């Protein structure tokens with residue numbers, strides 16, 4: 016069965032794909048063909064020639080001036096843009112004067128790291144999309160269709176992110192970035208004979224939803240935002256590599272979780288079953304008549320949070336428990352670029368929560384309709400979701416009537432309530 020690895024375009028976010036390659040090697044996943052767009056094409060060529068050590072050095076040391084002459088690490092958030100004004104001015108003047116970024120360093124980099132002879136001798140087939148300019152006619156080309164010596168030109172053509180980058184030429188014809196046609200060339204892999212596909216999507220929106228869930232496609236997407244495609248800052252690059260590694264281990268069943276990576280060792284079914292029973296019992300009282308209805312098909316706010324977080328209408332008790340843990344981790348600032356045992360994760364949560372006396376939880380939740388309480392809730396909701404989560408967890412521990420005391424929290428802040436219920440279930444807050 017022919018297996019393809021398909022790599023999306025995304026500039027600096029291509030470091031995520033190196034993390035994916037690291038995990039594929041660890042999982043023993045081999046491949047017969049590769050397709051890639053833009054930076055994905057360059058990564059695919061590196062993978063085809065089998066130079067893992069060279070790729071590791073590249074992605075650990077690359078900086079923006081190795082891609083763009085005089086470039087700056089562009090974090091495209093508004094706050095960061097204001098902080099970069101001094102650097103941004105001179106860069107934009109040069110950019111406008113040259114009608115695009117000077118990517119001479121990228122051209123030299125591709126020629127230095129990609130050995131066309133090695134790629135051709137590897138036996139791994141390689142396919143690359145680009146877009147003809149100005150006709151905008153798409154091109155899908157395989158290595159065997161390229162004349163000797165043309166690989167570098169086609170890689171750069173696929174990565175010509177016009178108008179940020181200039182138009183590039185291959186075999187005398189002008190091309191721009193293949194992402195304008197297909198940023199994740201799964202279709203090309205299928206045309207090349209792939210029967211099994213590992214697709215790595217690093218774009219902000221899912222490139223091919225129709226392939227998600229297909230049994231022959233392992234679809235890997237970032238569990239957390241990867242930042243700007245022009246931000247080559249070393250800290251972000253290291254983080255994104257780790258995320259690519261962990262997301263791939265998750266896709267192949269080596270770690271559990273949706274947005275965090277949990278070691279399978281030490282995952283206990285007992286608290287998972289208890290957590291699910293509490294969710295179901297809570298939502299079974301949704302008619303608000305004060306009685307428990309065990310036969311009711313619960314489909315309330317908490318189960319909606321679970322479905323959205325897990326990305327599936329069905330899930331196990333363990334998946335629900337980890338969802339609760341992940342909500343807490345997000346609100347309390349646990350680093351997602353590390354793997355954890357659940358025990359260690361809970362220790363970190365406990366450190367961030369602190370003792371009950373640090374929270375005004377009784378005043379916050381005892382009379383939520385009081386004007387002063389409403390103002391405090393509003394302040395906490397917009398300004399400090401971690402405080403709100405921890406306060407709700409302590410309030411759950413103090414409540415004699417869980418449903419009566421917390422139904423309004425579950426209705427208005429279902430994710431925070433689910434996280435708080437997790438903290439209480441695993442005995443991090445309350446009895």
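Numbering (the numbering used here), first residue to last: 16 to 446.
The beta-carbon is built from N, C-alpha and C at its ideal position, and this holds for glycine as well.
The structure presented is a predicted model; accordingly, all values stated were derived computationally and were not measured.
Between residue 143 and residue 259, the beta carbon gap of about 21 Å keeps them out of contact (Cβ cut-off 8 Å).
Closest by C-alpha distance to residue 440, out of 367, 321, 290, is 290.
In this structure, residue 60 sits near residue 141, with a CB-CB distance shorter than 8 Å. Sixteen is the threshold: since fewer than 16 other Cβ atoms of the shown chains lie within 10 Å of the Cβ of residue 423, the residue is exposed.
Per DSSP, reduced to three states, the secondary structure at residue 35 is helical.
Per the coordinates, the alpha-carbon of residue 210 lies some 15 Å from the alpha-carbon of residue 139. For residue 355, the pairing in a beta bridge is given by DSSP as 277. Excluding residues up to 5 positions away in sequence, 332, 333, 336 lie with their Cβ nearer than 6 Å to the Cβ of residue 287 in the same chain. Under the DSSP assignment, residue 265 falls in the alpha helix (DSSP H) whose first and last residues are 249-266.
If you look at residue 120, you'll find it in the alpha helix (DSSP H) that goes 119-128. Taking a C-beta distance under 8 Å as the contact criterion, residue 435 and residue 411 qualify as a contact pair.
With fewer than 16 other Cβ atoms inside 10 Å of its own Cβ, residue 151 counts as exposed. Taking residue 239 as the centre and dropping the five residues before and after it, the same chain places the C-beta of 258, 274, 351 closer than 7 Å to its C-beta, in chain order. The three-state reading of DSSP puts residue 50 in strand, counting E and B together. Annotation for residue 154: the continuous beta strand (DSSP E) segment containing it runs 153-157.
Secondary-structure assignment with DSSP links residue 189 through a beta bridge to 184. In its chain, beyond the 5 residues on either side, 140, 141, 142, 207 have a beta carbon closer than 7 Å to the beta carbon of residue 157. The Cβ atoms of residue 340 and residue 363 do not sit closer than 8 Å to each other.
Taking the CA atoms as reference points, residue 24 sits about 14 Å from residue 242. In terms of Cβ geometry, residue 74 and residue 300 do not form a close pair [threshold 8 Å]. Counting along the chain, residue 144 sits inside the beta strand (DSSP E) bounded by residues 140-147. In the three-state DSSP reduction, residue 201 falls in the helix class (H, G or I). Residue 126 and residue 244 have their C-alpha atoms some 22 Å from each other. The C-beta distance from residue 77 to residue 231 rounds to 33 Å, too long to meet the 8 Å contact threshold. Pairing residue 214 with residue 235 gives a Cβ-Cβ distance under 8 Å.
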